[in-house]
Each structure stands twice: as C-alpha cells, then as structure tokens.
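A.B. asks: Each residue of the sequence shown is one higher than the last, beginning at 34 in our numbering. Backbone N, C-alpha and C fix where the C-beta goes; we use that ideal spot for every residue, glycine too. Here it is: the structure, laid out below.
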Amino acid sequence: MSEAEAKMRRRTTTLRNMRETMAGTGKRTCTDRHPTEPQCSYDPVEGLTLAPETDPVEKIRQLEDEVSRLKNQLFEKEQALSRSITPNQHQANLSKLSPISTTSPGPSTLTRPTSSASGISLPQASITMMNLITPDSPQQQVRSDSGSPELTTAPKSGSDPFMDLLFSGWNPDLPDPNTLNHYVDVFFRCDPCGSRVLHRPSFLASMRLSPRDPGFPHSAILHAICAAASRWSPQNVVTMPDGTRRDQFAEFHASKTRQYIDKTMASGEDIFSVMQACILLSWYFYQEGRWVEVWIFAAFQTRVAIPLRLNYPGTFSTHGNNSPGAYLAPPKDLRDLESRRRTWWMTIMFDRIASVGGWIHAVDERDLGTELPLRTNDFESEIAVPSNPQDISTPDVFTRHPPQYTDSFLLLIKSVMLFGRVTDYNVRGNLRAPTAPSKNQNPFFLEGFDALDKLVCNDFLENLPQMYKNNTGVTDAPEGSTLDTDLYMVHIIPHAAAITLHNPYIDFTDPNNVSTARCIMAARAILSAYYALTATSLDITRLHPFVTICWYLAAVVQVQLCKYFIEINDTERESTVWGEINVLRFAMMEYGQRSPIGTRQERLLQGLMREIVRLTGQKQPLQVGVPLYPFSHQSLFKKDEMPGQETSQDVTSTTQVPLPVSPAFDTRPSSSGPNAQILNSSGPNVMGPTWSSGTLTPPNGAPTLGVESDMRSTSNYNS
Numbered sequence: 034m035s036e037a038e039a040k041m042r043r044r045t046t047t048l049r050n051m052r053e054t055m056a057g058t059g060k061r062t063c064t065d066r067h068p069t070e071p072q073c074s075y076d077p078v079e080g081l082t083l084a085p086e087t088d089p090v091e092k093i094r095q096l097e098d099e100v101s102r103l104k105n106q107l108f109e110k111e112q113a114l115s116r117s118i119t120p121n122q123h124q125a126n127l128s129k130l131s132p133i134s135t136t137s138p139g140p141s142t143l144t145r146p147t148s149s150a151s152g153i154s155l156p157q158a159s160i161t162m163m164n165l166i167t168p169d170s171p172q173q174q175v176r177s178d179s180g181s182p183e184l185t186t187a188p189k190s191g192s193d194p195f196m197d198l199l200f201s202g203w204n205p206d207l208p209d210p211n212t213l214n215h216y217v218d219v220f221f222r223c224d225p226c227g228s229r230v231l232h233r234p235s236f237l238a239s240m241r242l243s244p245r246d247p248g249f250p251h252s253a254i255l256h257a258i259c260a261a262a263s264r265w266s267p268q269n270v271v272t273m274p275d276g277t278r279r280d281q282f283a284e285f286h287a288s289k290t291r292q293y294i295d296k297t298m299a300s301g302e303d304i305f306s307v308m309q310a311c312i313l314l315s316w317y318f319y320q321e322g323r324w325v326e327v328w329i330f331a332a333f334q335t336r337v338a339i340p341l342r343l344n345y346p347g348t349f350s351t352h353g354n355n356s357p358g359a360y361l362a363p364p365k366d367l368r369d370l371e372s373r374r375r376t377w378w379m380t381i382m383f384d385r386i387a388s389v390g391g392w393i394h395a396v397d398e399r400d401l402g403t404e405l406p407l408r409t410n411d412f413e414s415e416i417a418v419p420s421n422p423q424d425i426s427t428p429d430v431f432t433r434h435p436p437q438y439t440d441s442f443l444l445l446i447k448s449v450m451l452f453g454r455v456t457d458y459n460v461r462g463n464l465r466a467p468t469a470p471s472k473n474q475n476p477f478f479l480e481g482f483d484a485l486d487k488l489v490c491n492d493f494l495e496n497l498p499q500m501y502k503n504n505t506g507v508t509d510a511p512e513g514s515t516l517d518t519d520l521y522m523v524h525i526i527p528h529a530a531a532i533t534l535h536n537p538y539i540d541f542t543d544p545n546n547v548s549t550a551r552c553i554m555a556a557r558a559i560l561s562a563y564y565a566l567t568a569t570s571l572d573i574t575r576l577h578p579f580v581t582i583c584w585y586l587a588a589v590v591q592v593q594l595c596k597y598f599i600e601i602n603d604t605e606r607e608s609t610v611w612g613e614i615n616v617l618r619f620a621m622m623e624y625g626q627r628s629p630i631g632t633r634q635e636r637l638l639q640g641l642m643r644e645i646v647r648l649t650g651q652k653q654p655l656q657v658g659v660p661l662y663p664f665s666h667q668s669l670f671k672k673d674e675m676p677g678q679e680t681s682q683d684v685t686s687t688t689q690v691p692l693p694v695s696p697a698f699d700t701r702p703s704s705s706g707p708n709a710q711i712l713n714s715s716g717p718n719v720m721g722p723t724w725s726s727g728t729l730t731p732p733n734g735a736p737t738l739g740v741e742s743d744m745r746s747t748s749n750y751n752s
C-alpha cells in the first residue's frame, strides 16, 4: 500500500469517526464511551470566531478537503499508470460513450430537449453529460469556484474532453467553447440593443482566459448573450398556438440568466455584472414581445441602478440624504467608468421605450445626473477623452451636438429621451385633466405644447450635424449596402414621437388642423424611410426592435385616414392608403420572422383595422398593394429601368421580386386649406406604382398568411 493510500485511509477513518460522534449513531468503543478528557462542542456566537481546533464543523471541512485532495492524487496516479499500460484504452472508452462526440460538440450535441411543464422542451446539456460521472467517483468530490449554481468539476485526467473541460472550471450549462464563441461573435455583429453596454475588445479578450480566472465573463452575461444571439442562429424553434416562434435554446439560457438574477437579488453578489446581464435579457424579452416581463424588468433595472449611484455624475457619490453610501466602489479606470455610464443610459433608454404606451417612467428626467456617454469608437479604443460635457439637463442638449461627443448611438439616446418627454407630457397632462384630449380643442393653447411641438417636429432633426442629417443610416453602394441601425432610428423616432403627441387632436374634417398635418407628414416620413431601406439588399430584421412600434404608430394614422376616405366615398385614395397600411403590416410580419414583436404588433394592428375592413367597398382590402411574400432583397427591375416599365421576367415564376410600393395621393383636390395640399400632393415622398388589386399569392403558392380570411371572419357583423 502506498504512503498516499495509507494516509488517505487514516484521514477517512478519522472523518468517519467524527461524523458518527456528532450524529450519535456510530458504534462506539470503550474509549469513545469514556474519553480521557471532555469533548466539548460550542454553539456559534455572533461576533466570536471559534478556533479551528475547537470548531468541529471547521475541522470536518478541513478533513473533507484533504481527503478530496488525496483522492484526486491517487486517481491521477492510477490514470497515469493505466495509460502507460494500455495506451489504446482511451479510444476504446470514448467509443462506448456514443452520445458524446470526441470532437467539439455543436449546439445539437449539447442541447437535448427534456419535457417541460410549459410545453416547451428546454435543453439540459449538463444533465446528459454529467450522468457519465458516477456519484461515488472522485470527480464528484471536487468543489467548483466558478460561481455557477450547483456546479461540480472534474480533475484533469486527460482521458475525456468533457472531463477536461469541467476540470478547467467550465460551466456545464453553457455551450462548449467553440459554440459559445460563435454566439458571442454573432451577438456583437448582429444585436442592435444590448451589445452597446459591453466593451467589445476587452470582452473578446476575456473569453480566452481560463474559466477560473476572475477576468472571465460572468456566466449570467454569457447565458444572456446566448439567448439574445440565438435570434440570428436559431435552433429547436417551436411555433406557439398564437403563431409566434419560441427558440428552446434561447428559453433555456434566458431561464439560466434569471436564476443568476434571483440569486443576486438575495445576496447582492456580482451585482453589476448581473445587472448588465439583466439588460441583455430585457432586450431579449422586448424582441419577443413579452410585455409583462418587459415592464417588470424595466423597473427592476432602475431600482437596482439607483442604489449603485449610477445616476450621479461620474456614476459615483459619497454623499446622500442620510442614506448609505454607494454599493459600488469608485470606477477603477476609464473603461469601468464608461461601462457604468452606458449601463445606466441603456437602462434609462429601455425604461423610456417600455413606457411609450403612455405609462409613467420609473425615473424622472430631473433625477438623471449622469453625463452622456462617449462615442463608441472612443469607448472601444480606450482613448483618454474628457467626460461628455452634456447631460440630459443641459438646456440645448437636443439641438447642439459637439462633434467630439456625437455619434449615431449618442443621437439615438437623445431621440429616445425626446420621445420620453412626449410621454411625460401626455401622462402628466391626462393625470388631472377633467376630460380626455379631444379633436375639438386646440392643443397649442395648452401650456408647454407649442415648445415641445417645435422641438419634436422641427428643431431636433433640423439641428443634426450635417453628416448625420443627410445620412439616414442606409447606404447602397456598388461594393455593398450598409445599415447603421442607430442612425436609422434617429431619423424615424422623432416622427413617431410627433404622432404620439398630436394623434389625440387629429380632425380630418378640418382643413386647418395642424395636428392632422403633423401626423400625416410623420407617417409618410416613416414610410419613406422604410421604402429607402427595402430598395437595398439589406435585411430589415437587423433593425432595432423599436422600429416595429414606429411602424405601428404610422399605421394607426393611416387607418384613421382610410376611414375618412371611406366616409367621403373617395375610393381611389382609399385604395392608396390601403396599400400603405398593408406595406406596414407586411413590414411587421417580415420582422416577426425573426423577432416575435413584429408579429404581435401586426396582430394588434388588425384589431384597429376591423372597422375599416367592415366598412370598405374594396373587394380584397388586405391584398391592396400587398408584397409578394416572402419578398426578395434584389429588385426585379434593372438599374436603368424605371419602376412600372414592362419587363420580360415572369413575376410569378421567380422569387426575385421587389417590395411593392404605393403611389402618391391623387392630385385631385377634395378640400381647401393646408391639409388639402398634404392629402393631395405627392410631396417629396413620391411612391412607385401599386400592385393591382386581386388575389395575389406568394411564389410558393401559399395564401397571404391567412390574414385576409381571419380579418374578414371577424368583420362580417353589421354594426
């Protein structure tokens, strides 16, 4: 018997005797019954630390650790001896483990679905593979320090890739390193939301560290990245009864992220990293259109950020109103400072976006003391740049944009905060108003309305720096099209805010109604931006998910306009508006192919359309101007051909079809006043020819998504 074995047996015997003594159930010898000296145990006393030699719990822990260490040493020696005797045994053992590949397993290898009470199968990678480790094996005796709940790791034996991975401290709930790196890469390349809070260069560098290294990314962030990135690399997708899609892989990692959030709520451990993971998860819920979770997480983030003092200048403060100091220490460097700023502003942006339906914000604008972030390039390159001189209380923050502190992301923050001011105005105006806003009142007599209207409808976009003012974020060049999602949103969010501000006061019967003109122009601007995007080869599903809300608001205006044309029996312009409504509907449905929020917003729009579907004289209103679906990003027409020219290509025999657009409003006057010009003139946003009415089917022969039959089945009742 080797010395290590003998020592291990002695320690094991001692440990067993101690356990039996404490439990009072073991066999006792004469010496046990009559000890030579009293054996005392002491209850723990607050503030008093027992010495290790008098604390039985501490002594047992020390013995357990030593026994585990000795077992590991013995196990490694046995494995080394086994390999030296039978060098081919390793391959033979691997061949027996057929469920596990000897190469780096892909997502399908690591995610086996198991039954769930909700009807969604969640992948349980760790359960399947951890079954290979028997409960009595030495692997189970090693504790993990990776921070993952209930995580066990194995000693490095060199006989199994998975065991080696666990021994390195890898969280078995995560995909294998190659797959995880793929999702991280997809996340930074494709995600238009949460990726803004992470410092990409240092994050990618930290992914190459050992999982046990303190600098390795927190598991909560990695789980959240997997959930968010799965949108562009889906697997195990199931269709829910309401027609939306659920990715089981994403659901699994979202649930794991929530476990870390729950743990942090109880302990406060790793609070900043988990808060960043919460932001990523919140945007995942937003893209899924899961509004209850969106609303709850929007509030949760702000309630966590405020005790961290992220709303103070420099994201840190040592003074307060008899309140405890900041939970976080001062930022240790410029990267840490900017990460905190971006985390805070992304939290506030999410709160504003979640509240556009007319809800009170979680944090008042007057309580935002944090300066605006730096430019993304300065953040990622870690150039020593002084803090941004602007914060939200700066008087001209929406009209003056210092070049050294301006990029598309900073302009996006400002545009969302501008929308937030509209929400604040509407909520506070309605809170104590005796009656709801009416089309019969002139809103410009209301206090503060004129100034807000001027800022939203004119000043913000007019004062953008020239390089951003003339660039809508869409670039279609011969070498390839590019899309700046942040800048694209900067150009349409103010129009969505204008609709939100003026919509209660629309009156199409009044040719001098300013609110009507504002809403129609804003809806056309949103449509025009969409047409510009679809004229390129770019994928609209890469846009920020808030774009679906902007499309919805534009469609709301068009639905009201369509109803007006039905009432005055103007079938030509009614048909035109139907085409524009359907273009927006199909934009939402196209976006919903990747993010369920698009499908949910389109379904919400259907509810608003029931009345006009019932009243219209159009034979097939939901197919007027409808795109052939799914539409191609490549145009049917040649570059030197004008839309509407004859072409020899058969539309029904190819998938290379353009997104149809609707014509401008008829130039035939129907009323007088400034609104008549808006309703009747083609203006700057001249649209191409509309597709003719009739039964249009997509190239694959499927009906138009069943929307026509569904809508008409609910609209055949007489009012």
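I need the straight-line Cα distance from Ser228 to Met382, nearest angstrom please.
C.D. replies: As a position in the sequence shown, residue 228 is number 195, starting the count at 1. As a position in the sequence shown, residue 382 is number 349, starting the count at 1. Between Ser228 and Met382, the C-alpha separation is close to 14 Å.
A.B. asks: Just to confirm, is the Cβ distance from Gly202 to Ser263 under 9 Å?
C.D. replies: Counting from 1 along the sequence shown, the entry for residue 202 is found at position 169. Counting from 1 along the sequence shown, the entry for residue 263 is found at position 230. In this structure, Ser263 does not lie closer than 9 Å to Gly202 by Cβ.
A.B. asks: Counting only runs that start and end within the region 497-551, where is the beta strand (DSSP E) found for 3 or more residues in a row?
C.D. replies: Counting whole runs of 3 or more residues, the region 497-551 contains the beta strand (DSSP E) stretches 507-510 and 513-516.
A.B. asks: Could you say if the region 246-256 and the region 299-314 meet the contact criterion of at least three C-beta pairs nearer than 8 Å?
C.D. replies: They touch, by the three-pair rule.
A.B. asks: Buried or exposed for Pro467, please, with buried defined as at least 16 other CB atoms from any protein chain shown within 10 angstroms of its CB.
C.D. replies: Indexing the sequence shown from 1 puts residue 467 at position 434. Counting Cβ neighbours within 10 Å, Pro467 comes out exposed, since fewer than 16 surround it.
A.B. asks: Go ahead and pull the three-state DSSP assignment for Phe333.
C.D. replies: Reading the sequence shown from its first residue, position 300 is the one you call residue 333. DSSP places Phe333 in helix when its eight states are reduced to three.
A.B. asks: Just the Cα atoms here: how many angstroms apart are Glu302 and Ser239?
C.D. replies: For the purposes of this step, residue 302 is taken as the residue at position 269 of the sequence shown. For the purposes of this step, residue 239 is taken as the residue at position 206 of the sequence shown. So the two alpha carbons sit approximately 20 Å from each other.
A.B. asks: Compare the Cα-Cα distances from Arg551 to each of Val580, Leu488 and Ile599 and report the closest residue.
C.D. replies: To locate residue 551, count along the sequence shown from 1; it is residue 518. Nearest option by C-alpha distance: Leu488.
A.B. asks: Roughly how many angstroms lie between the CA atoms of Arg94 and Gln281, to the nearest whole one?
C.D. replies: In the sequence shown, the residue the question calls residue 94 occupies position 61. In the sequence shown, the residue the question calls residue 281 occupies position 248. Spanning the two alpha carbons is a distance of roughly 40 Å.
A.B. asks: For the region 557-570 against the region 513-521, are there 3 or more C-beta pairs whose distance is under 8 Å?
C.D. replies: They touch, by the three-pair rule.
A.B. asks: Terminal residues of the continuous alpha helix (DSSP H) containing Asp218?
C.D. replies: Residue mapping note: residue 218 aligns to position 185 of the sequence shown, counting from 1. Counting along the chain, the alpha helix (DSSP H) containing Asp218 begins and ends at Pro210 to Cys223.
A.B. asks: Given that a residue counts as buried once 16 or more other Cβ atoms are within 10 Å of its Cβ, and exposed if not, what is Lys447?
C.D. replies: Translated into the one-based positions of the sequence shown, residue 447 becomes position 414. Under this definition Lys447 is a buried residue.
A.B. asks: Considering only residues of the region 445-475, which uninterrupted beta strand (DSSP E) runs meet the minimum length of 3 residues and lie entirely inside it, listed in chain order?
C.D. replies: DSSP runs (the beta strand (DSSP E)) wholly in the region 445-475: none.
A.B. asks: Should Arg643 be flagged as near chain C, meaning a C-beta pair shorter than 9 Å?
C.D. replies: The question asks about chain C, but that chain is absent: this structure has only one protein chain.
A.B. asks: With a threshold of 16 other CB atoms inside 10 Å of the CB of Met621, please say whether the residue is buried or exposed.
C.D. replies: On the sequence shown, position 588 is the one that residue 621 refers to. Looking at its Cβ environment, which holds 16 or more other Cβ atoms inside 10 Å, Met621 is buried.
A.B. asks: Using the rule of at least 16 other Cβ atoms within 10 Å of the residue's Cβ for burial, across every protein chain shown, is Phe431 buried or exposed?
C.D. replies: Along the sequence shown, read from residue 1 onward, the residue named residue 431 stands at position 398. With 16 or more Cβ atoms within 10 Å of its Cβ, Phe431 is classed as buried.
A.B. asks: Count the CB pairs spanning the region 401-410 and the region 364-384 that are closer than 8 Å, and state whether there are at least three.
C.D. replies: Yes, they touch.
A.B. asks: Can you tell which of Arg385, Leu443 and Met642 has its C-alpha closest to the C-alpha of Trp593?
C.D. replies: Counting from one through the sequence shown, the residue named residue 593 turns up at place 560. One detail in the question is off: residue 593 reads as Gln in this sequence, not Trp. Of the candidates Arg385, Leu443 and Met642, the one whose C-alpha sits nearest the C-alpha of Gln593 is Met642.
A.B. asks: For Met450, does the count of other Cβ atoms within 10 angstroms reach 16, so buried, or fall short, so exposed?
C.D. replies: Counting from 1 along the sequence shown, the entry for residue 450 is found at position 417. The residue in question, Met450, is buried, as its Cβ has 16 or more Cβ neighbours within 10 Å.
A.B. asks: Please report the Cβ distance between Val523 and Ser388, rounded to the nearest whole angstrom; I am assuming they are in contact, meaning their Cβ atoms lie under 8 Å.
C.D. replies: Reading the sequence shown from its first residue, position 490 is the one you call residue 523. Reading the sequence shown from its first residue, position 355 is the one you call residue 388. Not a contact, Cβ separation roughly 19 Å.
A.B. asks: From the DSSP output, in three-state form, read off Arg557 for me.
C.D. replies: Counting from one through the sequence shown, the residue named residue 557 turns up at place 524. Here Arg557 sits in helix by DSSP.
A.B. asks: Kindly indicate the opening and closing residues of the beta strand (DSSP E) around Thr272.
C.D. replies: Position 239 of the sequence shown, counted from the first residue, corresponds to residue 272. That run of the beta strand (DSSP E) goes Val270 to Thr272.
A.B. asks: May I ask you to report which of helix, strand or coil DSSP gives Leu638?
C.D. replies: Here residue 638 refers to the residue found at position 605 when the sequence shown is read from its first residue. Helix, per DSSP.
A.B. asks: Assuming Ala587 and Ile526 make a contact with CB atoms under 8 Å, what is their CB distance in whole Å?
C.D. replies: In the sequence shown, counting from the first residue as 1, residue 587 sits at position 554. In the sequence shown, counting from the first residue as 1, residue 526 sits at position 493. At roughly 12 Å, the Cβ-Cβ gap does not stay under 8 Å, so Ala587 and Ile526 are not in contact.
A.B. asks: Exposed or buried, which one is Ile160 when buried takes at least 16 other CB atoms within 10 Å?
C.D. replies: Along the sequence shown, read from residue 1 onward, the residue named residue 160 stands at position 127. A caution first: Ile160 carries a pLDDT of 36, below 50, which makes its placement in the model unreliable, though a value can still be read off. Under this definition Ile160 is an exposed residue.
A.B. asks: Take the Cβ of Gln499 as the centre, count every other Cβ of all protein chains shown within 10 Å, and call the residue buried at 16 or more, exposed below.
C.D. replies: Taking the first residue of the sequence shown as position 1, residue 499 is located at position 466. So Gln499 counts as exposed.
A.B. asks: Of all the options Leu341, Ala362, Pro364 and Glu413, which has the alpha carbon lying nearest to the alpha carbon of Thr380?
C.D. replies: What you label residue 380 is simply residue 347 of the sequence shown in a count that begins at 1. Nearest of Leu341, Ala362, Pro364 and Glu413 to Thr380, Cα basis: Leu341.
A.B. asks: In terms of DSSP beta bridges, what is Asp424 paired with?
C.D. replies: Start at 1 with the first residue of the sequence shown, and residue 424 comes out as number 391. Answer is none; Asp424 lacks a bridge partner.
A.B. asks: Apart from the five residues on each side of it in sequence, which residues of its chain come closer than 6 Å, Cβ to Cβ, to Asp509?
C.D. replies: Mapped onto the sequence shown, residue 509 falls at position 476. Counting only Cβ-Cβ distances below 6 Å, and skipping sequence neighbours, we find Thr569.
A.B. asks: May I have the straight-line CA-CA distance separating Pro156 from Phe349, to the nearest angstrom?
C.D. replies: Walking along the sequence shown from the start, residue 156 turns up at place 123. Walking along the sequence shown from the start, residue 349 turns up at place 316. Confidence at Pro156 is low in this model, with a pLDDT of 40, below 50, so its placement is unreliable and no value can be given for it.
A.B. asks: Could you check what DSSP says for Arg323 in three-state terms: helix, strand or coil?
C.D. replies: Along the sequence shown, read from residue 1 onward, the residue named residue 323 stands at position 290. DSSP places Arg323 in coil when its eight states are reduced to three.
A.B. asks: Indicate whether the contact test is met: 3 or more Cβ pairs, each with one atom in the region 645-660 and one in the region 626-633, closer than 8 Å.
C.D. replies: No, they do not touch.
A.B. asks: Give me the Cα-Cα distance between Met196 and Arg241, rounded to the nearest whole angstrom.
C.D. replies: Numbered from its first residue, the sequence shown carries residue 196 at position 163. Numbered from its first residue, the sequence shown carries residue 241 at position 208. Each residue's alpha carbon lies about 19 Å from the other.
A.B. asks: At the level of alpha carbons, what is the spacing between Gly658 and Asn491?
C.D. replies: Residue 658 sits at position 625 when you count from the first residue of the sequence shown. Residue 491 sits at position 458 when you count from the first residue of the sequence shown. Roughly 31 Å separates the two Cα atoms.
A.B. asks: To which residues of the same chain is Ala530 closer than 7 Å at the C-beta, ignoring the five residues directly before and after it?
C.D. replies: Reading the sequence shown from its first residue, position 497 is the one you call residue 530. Excluding positions up to five away in sequence, the list reads Leu451, Phe452, Val455 and Val489.
A.B. asks: Less than 9 Å separating the beta-carbons of Ala260 and Thr290?
C.D. replies: Working through the sequence shown from its first residue, we reach residue 260 at position 227. Working through the sequence shown from its first residue, we reach residue 290 at position 257. Yes, the Cβ-Cβ distance between Ala260 and Thr290 is below 9 Å.
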